[in-house]
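Working notes, structure below.
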Amino acid sequence: MRNISPQSMLIAATLSVGITIPAFAHIERSEPLQSLRQSFFALVGMTFGPMGDMVKGEIEWDEAQFAAWADDLAAVSSVSVERGFAPGSDKGKTRAKPAIWENPEDFAAKLADFRREAAALSVAANSGDKSAAIAQFKQTGGTCKACHDNYKSQGYLY
Numbered sequence: 002m003r004n005i006s007p008q009s010m011l012i013a014a015t016l017s018v019g020i021t022i023p024a025f026a027h028i029e030r031s032e033p034l035q036s037l038r039q040s041f042f043a044l045v046g047m048t049f050g051p052m053g054d055m056v057k058g059e060i061e062w063d064e065a066q067f068a069a070w071a072d073d074l075a076a077v078s079s080v081s082v083e084r085g086f087a088p089g090s091d092k093g094k095t096r097a098k099p100a101i102w103e104n105p106e107d108f109a110a111k112l113a114d115f116r117r118e119a120a121a122l123s124v125a126a127n128s129g130d131k132s133a134a135i136a137q138f139k140q141t142g143g144t145c146k147a148c149h150d151n152y153k154s155q156g157y158l159y
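Residue 4 in my numbering sits at position 3 of the sequence shown, with consecutive numbering throughout.
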């Protein structure tokens, strides 16, 4: 086994950092924040969308699957997506309306409403009462719409 001198290690580390930093220089500070919030809403859509298809009868009702999606939605909703809307993250390619940064208290309240209703949906979906699960699904969907109306540009998935 060969010993590597401390000087060689320092040179290797310096070169590694020197090569890596320029590779990330093109990323704007807001991009990771936009990625966070877009990922959050993609996960919400991936759970809520199929639940809607089930409620509308487009796919067969499966109580266990509906409950699993509701549990996933409740878990996803607990992610701290607010940090994805930090000041300055409205720059670049985004469909988030400026109103989010102009009315942060209202946006936070709507997000809290969504989280509360998503948690209630998980409870209703696991109760075995299909009617209650569907009613709570619609209630939860109302919180999505309340936020989309004011804070999401049209024609964009996230």
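All C-beta atoms, glycine included, are put in the ideal place defined by N, C-alpha and C. All of these numbers come straight from a predicted model, not from anything done at the bench.
What residue does the alpha helix (DSSP H) around residue 105 start on, and which one ends it?
105-126
Nearest residue (CA-CA) to residue 142, options 74, 80, 64:
For the options 74, 80, 64, the alpha carbon positioned closest to that of residue 142 is the one of 74.
Bridge partner(s) assigned by DSSP for residue 134
Residue 134 is not bridged to any residue.
Environment of residue 89 [buried if 16+ CB atoms lie within 10 Å]:
Exposed, by the Cβ-count rule.
Answer with buried or exposed for residue 93, where buried requires no fewer than 16 other C-beta atoms within 10 angstroms of its C-beta.
exposed
Enumerate in chain order the residues of its own chain whose CB-to-CB distance from residue 120 is below 6 Å, with the five nearest sequence positions on each side excluded.
75
Between the Cα of residue 86 and those of 100, 46, 77, spot the shortest distance and give me the residue it belongs to.
100
Entirely enclosed alpha helix (DSSP H) segments - the region 36-109, minimum 4 residues:
64-78, 100-103, all fully within the region 36-109.
Nearest-angstrom Cα separation, counted from residue 126 out to residue 57:
Roughly 16 Å separates the two Cα atoms.
Would you decide whether residue 153 is buried or exposed? Buried here means 16 or more other CB atoms lie within 10 Å of its CB.
Buried, because 16 or more other Cβ atoms sit within 10 Å of the Cβ of residue 153.
Is the separation between the beta-carbon of residue 131 and that of residue 62 shorter than 8 Å?
Taking 8 Å as the Cβ cut-off, residue 131 and residue 62 qualify as a contacting pair.
Do residue 79 and residue 116 count as a contact pair if the criterion is CB distance below 8 Å?
Contact: yes.
Tell me which residues share the same chain as residue 140 and place their Cβ nearer than 6 Å to its Cβ, disregarding the 5 neighbours each side in the sequence.
118
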